[in-house]
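Enquirer:
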Amino acid sequence: MKFGAMSDTFDDKVFYESDGRIFKKEPFTKRAPRNTYIKGKFRGKFHADIVKNLKDSGDFFHFKIYTAEVEIIKKSKKEERRIDAENAIKVEADKMPDEVFFYEKQGDEKIYYDIKFENPIFHNFQFVSKLQQNEGDEAFGTIEADFYGYLVDFLEEERYRKIYKKIKLIKCEKCIQTKEKTGNVERKDNSFREEFFCKGKKETYWGEWKDTGEPPVSPPPPPQPTPTPVHNFSPCLRNLLLAVGIVLLSLIFGFGLPFTIGLIWLLYIIYKCYFHWLKYFAYFFGLLFLLGLAYSIINTDWSQKPRTYIPHPKKEQNKQRLRPQLIKVINLITDKDNTSTAIINREMTWYGYNGEEYKGNFSIKKSDLDASRNFKNSLTPVSYESILYNIESHDSNKINDVYEMFSKIKKDRNLNDKKFAEMIVSFIQYMPYYVVLERSCNPDDYQEQMVKDLIKENPGRCAPNQAFGITTPLEFLVTGQGDCDSRTLLAHTILKHFGFNAAILSSAVYSHSILGINLPYNGQVFEDGSSRYTLWETTDKNFKPGIIPSEVRNLNYWKISIK
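See the structure below:
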């Protein structure tokens with residue numbers, strides 16, 4: 007349809023735009039291609055000069071498929087992922103027959119389709135050797151393959167396009183005689199013009215510009231600036247003098263509250279009026295903070311998984327404070343039953359968190375040490391918690407001399423509960439860290455990388471052949487060899503004796519043990535519903551209560567083993 011003759015014949019249904027333009031709707035058909043993906047079984051008859059087995063040589067030239075058909079097994083609107091992509095082949099067009107017949111089975115009946123497929127792809131292409139006949143250099147036989155391709159058809163959709171009519175300004179006498187107002191008015195300054203219909207209301211035109219007859223409206227005068235009042239003092243200077251006066255009068259007459267208010271006001275006036283540029287420093291440090299935050303987010307490894315915690319002993323410049331001075335003396339004493347018993351005496355020197363020096367000594371019977379080791383070796387490993395509980399119950403009443411050493415230091419130094427607990431834990435922290443293993447100290451004997459790393463990080467500090475990989479409190483006190491759970495077990499035994507609410511926390515994820523104590527410290531805490539335990543790392547003296555290594559701070563991986 008063309009719109010050229012619309013000025014004369016505009017009898018079809020017409021529409022109007024909001025700006026008054028007239029248009030018709032012309033129908034047209036939009037065609038969109040649609041793919042139907044086919045999976046089937048290809049079978050064909052071939053003639054060849056030379057045919058070799060595809061699996062043996064891969065040579066599959068000089069053949070012609072002269073008839074073929076495809077059994078359609080599956081149709082889909084979505085393309086499926088093609089398997090065995092390495093063996094997928096595409097047969098050249100000159101080797102394919104002029105026409106391939108496609109059919110579907112419905113019961114015992116075959117329904118054939120007169121269709122053509124795009125981009126046929128074959129998988130598992132093979133010559134059926136049982137059906138092949140060779141006559142000299144020629145061969146005849148059957149080819150089979152899995153077939154993939156797609157059928158293209160088109161979806162048709164009826165749509166409309168707008169055809170606009172060209173409107174001419176008609177000012178003929180005949181039109182003026184039959185004119186009728188459309189209601190549209192255009193204004194400019196003090197003039198206006200109206201729009202009219204003519205020729206049976208099928209064409210419009212604009213009339214002449216007319217004067218409204220109203221006097222021109224002059225623009226409003228520009229606003230006059232408000233005169234600034236003249237003061238003898240600026241507002242900043244006036245407020246400054248007033249604040250200084252309040253502060254001085256408050257000092258003279260001893261008014262506390264007015265002095266505080268005046269001082270705050272004075273500082274505010276000084277900042278606002280004379281040092282307002284300080285806000286740019288705040289902007290600068292705020293920008294640095296945002297940049298640092300963005301840098302930390304970008305460089306955070308969000309995929310990092312928790313792993314075993316490995317203590318890293320730190321070297322100190324003051325070698326005298328690297329470890330406590332352990333002086334072991336073995337004496338023989340005679341019991342009441344006239345039997346000789348070896349006594350192990352230890353003199354200890356260690357340092358607190360503020361550099362304070364502690365000294366003490368204690369004695370342990372050799373028979374108690376042997377009994378503690380034998381008891382540990384006789385335990386049945388029901389659970390990790392039961393092993394800790396039974397060892398603590400057995401050893402807790404055999405270290406009375408250790409309790410007396412700590413009681414004497416507390417009395418002499420007049421220590422409160424927090425200082426007393428810090429003195430006990432620092433005693434254990436000052437003991438050098440040892441790797442405690444159930445087997446040998448040779449890293450090649452272990453497949454676990456965690457054990458290899460522990461031995462590597464602590465050269466020369468390994469206690470082999472220890473049942474359950476732990477030393478009892480008596481063994482630790484005598485040998486000075488203990489790892490994380492050996493330390494927390496000794497600390498818990500001593501703190502429990504003195505009435506502290508302490509706990510041993512363990513983590514299978516981190517393969518680590520840590521101490522918890524119910525004292526009002528700041529820092530990392532663990533709550534179990536009834537108590538609030540401040541966490542305490544015992545493997546290194548640099549960790550104060552509430553501060554634990556960053557590698558083990560996810561509390562979801564911790565649980566209480568003994569409390």
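Note that the numbering used here has the sequence shown beginning at 7, numbered continuously upward. The beta carbon of each residue, even a glycine, is placed where N, CA and C say it ideally should be.
Measure the beta-carbon distance from Met429 to Tyr364 and round it to whole angstroms, keeping in mind my assumption that it falls under 8 Å.
Expert: Here residue 429 refers to the residue found at position 423 of the sequence shown. Here residue 364 refers to the residue found at position 358 of the sequence shown. Their Cβ separation, rounded to whole angstroms, is 6 Å, which keeps Met429 and Tyr364 in contact under 8 Å.
Enquirer: DSSP three-state call for Glu163: helix, strand or coil?
Expert: As a working mapping, residue 163 is identified with position 157 in the sequence shown. Strand.
Enquirer: Give the C-beta separation of Ile169 and Phe29 to the nearest angstrom, bearing in mind that I take them to be a contact with Cβ-Cβ under 8 Å.
Expert: Locating residue 169 in the sequence shown gives position 163, counting from the first residue. Locating residue 29 in the sequence shown gives position 23, counting from the first residue. About 6 Å separates the two Cβ atoms, so the contact holds.
Enquirer: Could you tell me if Tyr119 is buried or exposed, where buried requires 16 or more neighbouring beta carbons within 10 angstroms of its beta carbon?
Expert: Here the question's residue 119 lines up with position 113 in the sequence shown. Exposed: under 16 other Cβ atoms inside 10 Å.
Enquirer: Pick helix, strand or coil for Lys45, following the three-state DSSP scheme.
Expert: In the sequence shown, the residue the question calls residue 45 occupies position 39. Lys45 falls in the strand class under three-state DSSP.
Enquirer: Do three or more CB pairs link the stretch 476–490 to the stretch 502–510 at distances below 8 Å?
Expert: No, the stretch 476–490 is not in contact with the stretch 502–510.
Enquirer: Among Tyr277, Ala54, Ile149, which one has its Cα closest to the Cα of Ala74?
Expert: Numbered from its first residue, the sequence shown carries residue 74 at position 68. Checked all of Tyr277, Ala54, Ile149; the closest Cα to Ala74 is Ile149.
Enquirer: Give me the residue from Leu273, Asp217, Glu410 with the minimum Cα distance to Leu247.
Expert: Within the sequence shown, residue 247 is the residue found at index 241, counting from 1. If we check each option's Cα against that of Leu247, Leu273 comes out closest.
Enquirer: Exposed or buried, Cys242, counting other C-beta atoms within 10 Å across all chains shown (16 or more means buried)?
Expert: To locate residue 242, count along the sequence shown from 1; it is residue 236. Looking at its Cβ environment, which holds fewer than 16 other Cβ atoms inside 10 Å, Cys242 is exposed.
Enquirer: Could you name the residues of the same chain whose beta carbon sits closer than 7 Å to that of Ile397, not counting the 5 residues immediately before and after it, in chain order?
Expert: Working through the sequence shown from its first residue, we reach residue 397 at position 391. Correct list, in chain order: Lys382, Thr478, Leu495.
Enquirer: Look at the alpha carbon of Gly189 and the alpha carbon of Tyr22, and state the distance between them as a whole number of angstroms.
Expert: Your numbering for residue 189 matches position 183 in the sequence shown. Your numbering for residue 22 matches position 16 in the sequence shown. About 15 Å.
Enquirer: From the DSSP secondary-structure annotation, give me the bridge partner or partners of Phe381.
Expert: Within the sequence shown, numbered from 1, the residue matching residue 381 stands at position 375. Per DSSP, none; premise fails for Phe381.
Enquirer: Does Val442 pass the burial test, meaning 16 or more other C-beta atoms within 10 Å, or should it be called exposed?
Expert: For this step, residue 442 is matched to residue 436 along the sequence shown. Counting Cβ neighbours within 10 Å, Val442 comes out buried, since at least 16 surround it.
Enquirer: Taking the straight line between their C-alpha atoms, what separation do you get for Met437 and Lys458?
Expert: Against the sequence shown, residue 437 aligns to sequence position 431. Against the sequence shown, residue 458 aligns to sequence position 452. Roughly 22 Å between the two C-alpha positions.
Enquirer: In this structure, how does DSSP classify Asp217 when only helix, strand and coil are distinguished?
Expert: Here residue 217 corresponds to residue number 211 of the sequence shown, with the count starting at 1. Residue state, collapsed to three classes: strand.
Enquirer: Taking the straight line between their C-alpha atoms, what separation do you get for Tyr539 and Ile566?
Expert: Residue numbering aside, residue 539 sits at position 533 when the sequence shown is read from its first letter. Residue numbering aside, residue 566 sits at position 560 when the sequence shown is read from its first letter. Spanning the two alpha carbons is a distance of roughly 10 Å.
Enquirer: Rounded to the nearest angstrom, how far is the Cβ of Ile568 from that of Leu483, given a contact under 8 Å?
Expert: As a first step, residue 568 is located in the sequence shown; it is residue number 562 there, counting from the start. As a first step, residue 483 is located in the sequence shown; it is residue number 477 there, counting from the start. Between Leu483 and Ile568 the Cβ distance is about 19 Å, and since that is not below 8 Å, they are no contact.
Enquirer: Gly535 to Asn507, Cα distance in whole Å?
Expert: Numbered from 1 along the sequence shown, position 529 holds the residue referred to as residue 535. Numbered from 1 along the sequence shown, position 501 holds the residue referred to as residue 507. When rounded, the distance between both Cα atoms is 14 Å.
Enquirer: For Glu201, which of Tyr289, Lys194, Trp212, Phe291 has the nearest alpha-carbon?
Expert: For the purposes of this step, residue 201 is identified with residue 195 of the sequence shown, where counting begins at 1. Out of Tyr289, Lys194, Trp212, Phe291, Trp212 has the C-alpha closest to the C-alpha of Glu201.
Enquirer: Do Tyr315 and Ser517 count as a contact pair if the criterion is CB distance below 9 Å?
Expert: In the sequence shown, counting from the first residue as 1, residue 517 sits at position 511. In the sequence shown, counting from the first residue as 1, residue 315 sits at position 309. It is a contact, given that the beta carbons lie within the stated cut-off.
Enquirer: Nearest-angstrom Cα distance between Glu32 and Lys81?
Expert: Taking the first residue of the sequence shown as position 1, residue 32 is located at position 26. Taking the first residue of the sequence shown as position 1, residue 81 is located at position 75. Distance between the alpha carbons of Glu32 and Lys81 is about 37 Å.
Enquirer: Label Met456 either buried or exposed according to how many other C-beta atoms from any shown protein chain fall within 10 Å of its C-beta, with 16 as the threshold for buried.
Expert: Counting from one through the sequence shown, the residue named residue 456 turns up at place 450. Looking at its Cβ environment, which holds fewer than 16 other Cβ atoms inside 10 Å, Met456 is exposed.
Enquirer: Under 8 Å by Cβ, that's how I've got Gly529 and Gly552 pegged, so tell me the actual separation to the nearest angstrom.
Expert: As a first step, residue 529 must be located in the sequence shown, where it is residue number 523. As a first step, residue 552 must be located in the sequence shown, where it is residue number 546. Right, the Cβ-Cβ distance comes to about 2 Å (below 8 Å), so this counts as a contact.
Enquirer: With DSSP run on the structure shown, which of helix, strand or coil describes His498?
Expert: If you number the sequence shown from 1, residue 498 lands on position 492. Correct three-state label for His498: helix.
Enquirer: What three-state label does DSSP hand Cys447 in the structure shown?
Expert: If you number the sequence shown from 1, residue 447 lands on position 441. Coil.
Enquirer: What does a CB cutoff of less than 8 Å around His581 pick up in its chain, not counting 5 residues either side in sequence?
Expert: What the structure shows of the chain is the stretch from 7 to 569, and residue 581 is not part of that stretch, so it cannot be assessed.
Enquirer: What residue from Ile350, Lys101, Leu561 has the CA that sits closest to Glu533's CA?
Expert: Translated into the one-based positions of the sequence shown, residue 533 becomes position 527. Ranking the options by Cα distance to Glu533, first place goes to Leu561.
Enquirer: Do Arg445 and Tyr452 have their beta-carbon atoms positioned less than 9 Å apart in this structure?
Expert: As a position in the sequence shown, residue 452 is number 446, starting the count at 1. As a position in the sequence shown, residue 445 is number 439, starting the count at 1. Contact: yes.
Enquirer: Please return the same chain residues whose Cβ sits closer than 6 Å to the Cβ of Gln139, not counting the five positions on each side in sequence.
Expert: In the sequence shown, the residue the question calls residue 139 occupies position 133. For Gln139, where only same-chain residues beyond five positions count, the Cβ hits under 6 Å are Phe146.
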